[in-house]
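Counting the sequence shown from 1 gives a position; our numbering is that position plus 173. The C-beta atom is built at its ideal place from N, Cα and C for all residues, glycine as well. Keep in mind that this is a model prediction, so the values were computed, not measured. Written out below as structure tokens is the structure these notes cover.
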Amino acid sequence: MLDKTVTNALLHLRAQMIRDSLDGLEHVEALLVMRGVDLSAHAVPRKIAQRRDTSILAMDALRSGPKTGKEVSLYAASVTDMTYEEARGRMYQALHNLRRKGWVERNGALWGTSQFPI
174 MLDKTVTNAL
184 LHLRAQMIRD
194 SLDGLEHVEA
204 LLVMRGVDLS
214 AHAVPRKIAQ
224 RRDTSILAMD
234 ALRSGPKTGK
244 EVSLYAASVT
254 DMTYEEARGR
264 MYQALHNLRR
274 KGWVERNGAL
284 WGTSQFPI
């Protein structure tokens, strides 16, 4: 196996361990340091939220009452590590999916649940 392949596999394993809070991180990092890898130069990519997670996040944002799409996106960005731009795209998609299922309603710019009708 090529050195680069082994290093990439260890970097991938490190990222997975950090994202999922798995044991053994110090061992993987020790192997990477032994291979001459600068750990500070390798940012850990964030785990991409699943559709179910974004739907739950959108419903959580609407729990306190109707909100605009921007307010839902700002809420999502504040409680996750997503940027506002990432949250905006995902929350609008989640809201439209939830509307199609009948779980949320839209009236003009406001989104709401059946618990808090618009």
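Taking residue i as the reference, give the member of the options with the closest Cα.
i, options, result
"G242", "N280, W284, S213", "W284"
"D254", "A214, L230, W276", "L230"
"E258", "N270, E244, L271", "E244"
"P239", "N280, A216, N181, V210", "N280"
"N181", "S237, R192, V210", "V210"
"V252", "H269, D233, N270, S237", "D233"
For residue i, which residues of its own chain have a beta-carbon under 7 Å away from its beta-carbon, when the five flanking residues on both sides are left out?
i, result
"T256", "A250"
So, at 8 Å on beta carbons, what are the nonlocal neighbours of residue i in its own chain, with the 5 sequence-adjacent residues on each side left out?
i, result
"T227", "A249, R263, M264, Q266, A267"
"L235", "V245, V277, W284, G285, T286, F289"
"V206", "L212"
"E202", "R187, L212"
"Q189", "L195"
"L271", "S228, A231, M232, V277"
Bridge partners for residue i per DSSP, in chain order?
i, result
"L283", "T241, N280"
What's the call for residue i, buried or exposed, on a 16-neighbour Cβ count within 10 Å?
i, result
"A260", "buried"
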